[in-house]
Amino acid sequence: MLLFWLLGCVLGTKDDTAVECTEIGCEDGIFLTFSLTEAGDYTITAVAGGDTVTCTASLPFDGTEACDGPGYTTLSGTALPADQQSIEGLTLESTTAADVHLTIVRSGTTLYDDTMTVSYETSQPNGPACGPTCTEAALDVAL
Numbered sequence: 001m002l003l004f005w006l007l008g009c010v011l012g013t014k015d016d017t018a019v020e021c022t023e024i025g026c027e028d029g030i031f032l033t034f035s036l037t038e039a040g041d042y043t044i045t046a047v048a049g050g051d052t053v054t055c056t057a058s059l060p061f062d063g064t065e066a067c068d069g070p071g072y073t074t075l076s077g078t079a080l081p082a083d084q085q086s087i088e089g090l091t092l093e094s095t096t097a098a099d100v101h102l103t104i105v106r107s108g109t110t111l112y113d114d115t116m117t118v119s120y121e122t123s124q125p126n127g128p129a130c131g132p133t134c135t136e137a138a139l140d141v142a143l
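The sequence shown maps to residues 1 to 143 in this note's numbering.
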């Protein structure tokens, strides 16, 4: 009971009842999910609102993976053998764009070139009395 009273004091509740908060994090953004597994040099470009993100990576990974703009790729298996490596998506650090234009090119061949409508959701992973509050959108890209 003392622990709950102390938490109530620390969290500043009005009625001296404790609000227990976990520390689960979340991230604002647009999460584009896809899986690239074939060997080659990839250029992934996304335009969302006024922001452009261009990422380059090679499979197998060669340590030169990079992104220009507010975003990053999700690389999987970087320390695994080449046949187990993949590029699993792109995260855009934007929460205002109504649509996203995505282009994926492998070694000069366009694999994907389309515009998707964005639908956002707000989440509070630690509950309404605890932060953070994040605005997120998830889009599955069918290649």
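Even for Gly, the Cβ is constructed at its ideal location relative to N, Cα and C.
Euclidean distance between Cα positions of residue i and residue j
{"i": "E216", "j": "V19", "result": "No answer is possible for residue 216: the residues shown for the chain start at 1 and end at 143."}
{"i": "E88", "j": "C130", "result": "31 angstroms"}
{"i": "T110", "j": "I104", "result": "6 angstroms"}
{"i": "P60", "j": "Q84", "result": "9 angstroms"}
{"i": "F4", "j": "C134", "result": "Note that F4 scores 36 on pLDDT, short of 50, meaning its location in the model is unreliable; the coordinates nonetheless yield the value given after this. Straight-line Cα distance between these residues: approximately 27 angstroms."}
{"i": "A46", "j": "C21", "result": "36 angstroms"}
{"i": "M116", "j": "I30", "result": "11 angstroms"}
{"i": "C55", "j": "S86", "result": "14 angstroms"}
{"i": "P125", "j": "E23", "result": "9 angstroms"}
{"i": "A137", "j": "T78", "result": "26 angstroms"}
{"i": "D28", "j": "D114", "result": "23 angstroms"}
{"i": "L32", "j": "G108", "result": "21 angstroms"}
Bounding residues of the beta strand (DSSP E) (the contiguous stretch that carries residue i)
{"i": "T165", "result": "The question about residue 165 has no answer, for the chain in this structure spans 1 to 143."}
{"i": "S86", "result": "S86 to L92"}
{"i": "C55", "result": "D51 to L59"}
{"i": "E121", "result": "E121 to S123"}
CA nearest to the CA of residue i, picked from the options
{"i": "Y42", "options": "L32, A66 and T33", "result": "A66"}
{"i": "Y72", "options": "P81, T52, L80 and P128", "result": "T52"}
Whether residue i touches residue j by CB criterion (8 angstroms)
{"i": "L80", "j": "A57", "result": "no"}
{"i": "V141", "j": "V118", "result": "no"}
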